[in-house]
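Taking it in order: structure first as structure tokens, then the write-up.
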Amino acid sequence: MGIEVIFKGRNLIRLMEGLLVAMKISLLSVVISIVLGIILGMLMTLKKPGITFISRIYLEIVRIMPQMVLLFIVYFGFAKMTGINLSAEASAVIVFSFWGTAEMADLVRGCMASIPKIQYESSTALGFTRLQTYVHVIIPQIIRRLIPLSINLITRMIKTTSLVMMIGIVEVLKVGQQIIEANRKSAPNAAFGVFAVIFLLYFLACWPISHFSKYLEKKWEN
Amino acid sequence: MDEILKIEHLNKKFDDLTVLEDISLEVKKGEVVVVVGPSGCGKSTFLRCINGLETIQDGKILLDGETVNPPLGNIKNYREKIGMVFQSYDLFPHKTIIENLMLAPLKVQKRNKVEVRKEAEELLEKVGLSSKKDNYPRQLSGGQKQRVAIVRALIMHPEVLLFDEVTAALDPEMVREVLDVIMELARQNRTMLIVTHEMAFAKAVADRVIFMDGGVIVEDTDPKSFFENPATERAKKFLSTFEYNE
Ligand SMILES: Nc1ncnc2c1ncn2[C@@H]1O[C@H](COP(=O)(O)OP(=O)(O)OP(=O)(O)O)[C@@H](O)[C@H]1O
Ligand SMILES: [Mg+2]
Numbered sequence: 467m468g469i470e471v472i473f474k475g476r477n478l479i480r481l482m483e484g485l486l487v488a489m490k491i492s493l494l495s496v497v498i499s500i501v502l503g504i505i506l507g508m509l510m511t512l513k514k515p516g517i518t519f520i521s522r523i524y525l526e527i528v529r530i531m532p533q534m535v536l537l538f539i540v541y542f543g544f545a546k547m548t549g550i551n552l553s554a555e556a557s558a559v560i561v562f563s564f565w566g567t568a569e570m571a572d573l574v575r576g577c578m579a580s581i582p583k584i585q586y587e588s589s590t591a592l593g594f595t596r597l598q599t600y601v602h603v604i605i606p607q608i609i610r611r612l613i614p615l616s617i618n619l620i621t622r623m624i625k626t627t628s629l630v631m632m633i634g635i636v637e638v639l640k641v642g643q644q645i646i647e648a649n650r651k652s653a654p655n656a657a658f659g660v661f662a663v664i665f666l667l668y669f670l671a672c673w674p675i676s677h678f679s680k681y682l683e684k685k686w687e688n
Numbered sequence: 005m006d007e008i009l010k011i012e013h014l015n016k017k018f019d020d021l022t023v024l025e026d027i028s029l030e031v032k033k034g035e036v037v038v039v040v041g042p043s044g045c046g047k048s049t050f051l052r053c054i055n056g057l058e059t060i061q062d063g064k065i066l067l068d069g070e071t072v073n074p075p076l077g078n079i080k081n082y083r084e085k086i087g088m089v090f091q092s093y094d095l096f097p098h099k100t101i102i103e104n105l106m107l108a109p110l111k112v113q114k115r116n117k118v119e120v121r122k123e124a125e126e127l128l129e130k131v132g133l134s135s136k137k138d139n140y141p142r143q144l145s146g147g148q149k150q151r152v153a154i155v156r157a158l159i160m161h162p163e164v165l166l167f168d169e170v171t172a173a174l175d176p177e178m179v180r181e182v183l184d185v186i187m188e189l190a191r192q193n194r195t196m197l198i199v200t201h202e203m204a205f206a207k208a209v210a211d212r213v214i215f216m217d218g219g220v221i222v223e224d225t226d227p228k229s230f231f232e233n234p235a236t237e238r239a240k241k242f243l244s245t246f247e248y249n250e
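In order, the protein sequences belong to chains E and V. Count along the first sequence starting at 1, add 466, and that's the number in my numbering. Count along the second sequence starting at 1, add 4, and that's the number in my numbering.
In structure tokens:
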């Protein structure tokens, strides 16, 4: 089956290290995306024409451009334009945050828009101040809707990280590829085993997150 | 002088559209005023102006002799004194029934938690919903939710209650249980303004009927005269649209 090449030498450790790099990139991008996304999403609900216009264009760019193209633009284009050489990891974090922020902002905007007007009005009618209405009524509802959605986004971001191997980061798929290449002669079937292990690693990284999100969704449905 | 609520020459516009025109009305303590009129005549807007959910363009609304709209300073304190129940279910979906009831007394009125919980439980008992206190709104029927919404207004000890078609979104078999609660409040001499399309209920609960059409008060009379012998053609026409339903 070729699975034995995984356990040869440092191969398994290299795979794990690759996953670690991928996780580091995802984690950093996820944190940046969530923070910036919440800020942008809130700005978007203000319905100021300037902000609406710019964020529309931004969301549209993210939607149209494949992440890979963005990666190449940032990694190669940025260096050419400015003379500064970005590391592959930094480029990946920039691109994933650029993408994640857009997705997160859209989720936040959607969640805020989905709170019915009557929730604000009945709070006001009960004598709540604007601040109290947000603290006790609106924000708790937004968070409940947002958490499962953002966990879903995080899972997707982790999966998409494998894209960065296109620009040469030593990351899971790339390590996998290297192991396969190195063992082409001794274990011609290594591809299957190596990819099976990679699949398992990704599954282990994403499954608990995805499961947790389903659990929250169920618990908080209303 | 036992007028609790006084509306003087109220005018309300949405941009260029005049929705309420020169409305004047005095409501006595303990009076049950039913407001009826065709769809779009401004009934909801009228109630919303009374508790300051809408700004007004002209005129004044006074509660206990003090102006509440246009708002002078602390309108929040007046809102506590005016309870409102809306047509659509508006309970807080992330809170249990008892939490829905306790939130405003605790946060707005800063009352004692033990005392508020006790009152909430008593009120739930009165509307037959004790067993639901730890459920979430989504686990209740429409009629049950509206009864909770009424209790949520009552626990603030309002001086005036506003009801805006609280049964309009309900399945027919649930209308009765909600109207019964309002009837009971009328028996307790609560001051209420009730907008409804349930004419039999209006007739039974009202001390006084206001008929609105096109943003003005067309008739302001007692229920017997209004339902049995309306003075204006517009009221006759309006009432005739209900004849098949009763
Ligand atoms: N926020 C708003 N902006 C603009 N126009 C509004 C707004 N709210 C209400 N209107 C208009 O004001 C008029 C009165 O509306 P209102 O909801 O008070 O009527 P209503 O008597 O309660 O009707 P219904 O019996 O259908 O509930 C309608 O013509 C409506 O279109
Ligand atoms: Mg209405």
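For each residue, glycine too, the CB sits at the ideal point set by N, CA and C. Please read all numbers here as calculations on a predicted model, not as lab measurements.
| Say the cut is 7 angstroms; is the CB of V/E4 nearer than that to a heavy atom of ligand 2? | In this structure chain V extends from 5 to 250, so residue 4 of chain V is not present and cannot be described.
| message | Can you list, in chain order, the residues of its chain with a C-beta nearer than 7 angstroms to that of V/K17? Leave out the 5 residues immediately preceding and following it. | response | V23, Q61
| said: Please list the terminal residues of the continuous beta strand (DSSP E) segment that includes V/T71. | reply: 70-73
| field | Chain-ordered chain E contacts of V/D94 [CB-CB under 7 angstroms] | value | I584, Q585, S588
| task | Compare the beta carbon distance of V/L14 and V/C45 with 8 angstroms and say whether it is the shorter of the two. | result | no
| query | Can at least three beta-carbon pairs, one atom from the segment 521-541 of chain E and one from the segment 600-618 of chain E, be found at a separation below 8 angstroms? | reply | no
| field | DSSP beta-bridge partners of V/F18 | value | Residue pairing by DSSP places V/F18 opposite V/L21 in a beta bridge.
| message | Applying the 10 Å Cβ sphere with the 16-neighbour rule, what's the burial state of E/A488? | response | buried
| task | In angstroms with no decimal places, state the Cα-to-Cα distance between E/Q607 and E/G576. | result | 12 angstroms
| said: Three Cβ pairs or more, each shorter than 8 angstroms: is that satisfied between the segment 229-249 of chain V and the segment 200-211 of chain V? | reply: yes
| task | May I have all residues whose beta carbon comes closer than 5 angstroms to any heavy atom of ligand 1, sorted in chain order? | result | V/F18, V/V23, V/S43, V/G44, V/C45, V/G46, V/K47, V/S48, V/T49
| Distance, V/L110 Cα to V/R142 Cα | 23 angstroms
| message | For V/K64, report the span of its beta strand (DSSP E) as first-last. | response | 62-67
| Would DSSP call E/G642 helix, strand or coil? | Judged by DSSP in its simplified three-state form, E/G642 adopts helix.
| task | Would you check if the distance between the CB atom of E/Y524 and the CB atom of E/A568 is smaller than 8 angstroms? | result | For E/Y524 and E/A568, yes; Cβs fall inside 8 angstroms.
| Simplified DSSP state of V/F96, which is helix, strand or coil | coil
| said: Taking CB distances under 8 angstroms as the criterion, tell me whether E/P606 reaches chain V. | reply: yes
| field | Other residues of its chain near E/T615: CB distance less than 7 angstroms, five sequence neighbours each side excluded | value | Contrary to the premise, residue 615 of chain E reads as Leu rather than Thr in this sequence. Around E/L615: L573.
| Per-residue DSSP class, three states only, for V/L144 | coil
| request: Assign E/M632 to one of three DSSP states: helix, strand, or coil. | output: Low confidence applies here, because E/M632 scores a pLDDT of 49, under 50, leaving its location unreliable and the question unanswered by this model.
| request: Starting from V/N55, find everything on chain E with Cβ-Cβ shorter than 9 angstroms and list it in chain order. | output: T590, A591
| task | Return the CA-CA distance between E/E483 and E/R476, expressed in angstroms with no decimal places. | result | In a straight line, the C-alpha of E/E483 is about 10 angstroms away from that of E/R476.
| query | Can you name the residues of chain E whose CB is closer than 7 angstroms to the CB of V/G74? | reply | Note on identity: in this sequence residue 74 of chain V is Pro, with Gly being the wrong assignment. Chain E residues near V/P74: none, gap ~16 angstroms exceeds 7 angstroms.
| Neighbouring residues, chain V, relative to E/F594 (Cβ below 9 angstroms) | K80, R83, L107, A108, K111, V112
| task | Taking V/H161 as the query, report the chain E residues whose CB atoms sit under 8 angstroms from its CB, ordered along the chain. | result | The contacting residues do not exist; V/H161 stays about 11 angstroms from chain E at best.
| field | Per-residue contacts from E/H722 into chain V (C-beta, under 7 angstroms) | value | Residue 722 of chain E lies beyond the range of chain E shown here (467 to 688); nothing can be said about it.
| field | Those runs of the beta strand (DSSP E) which lie wholly inside the segment 192-246 of chain V and span at least 3 residues | value | Within the segment 192-246 of chain V, the complete beta strand (DSSP E) runs of at least 3 residues are 195-199, 212-217, 220-225.
| field | Classification of E/A653 by the beta-carbon crowding that lies within 10 angstroms, buried from 16 upward | value | buried
| field | E/F564, enclosing alpha helix (DSSP H) - first and last residue | value | 554-579
| field | Simplified DSSP state of V/I154, which is helix, strand or coil | value | In the structure shown, the three-state DSSP call for V/I154 is helix.
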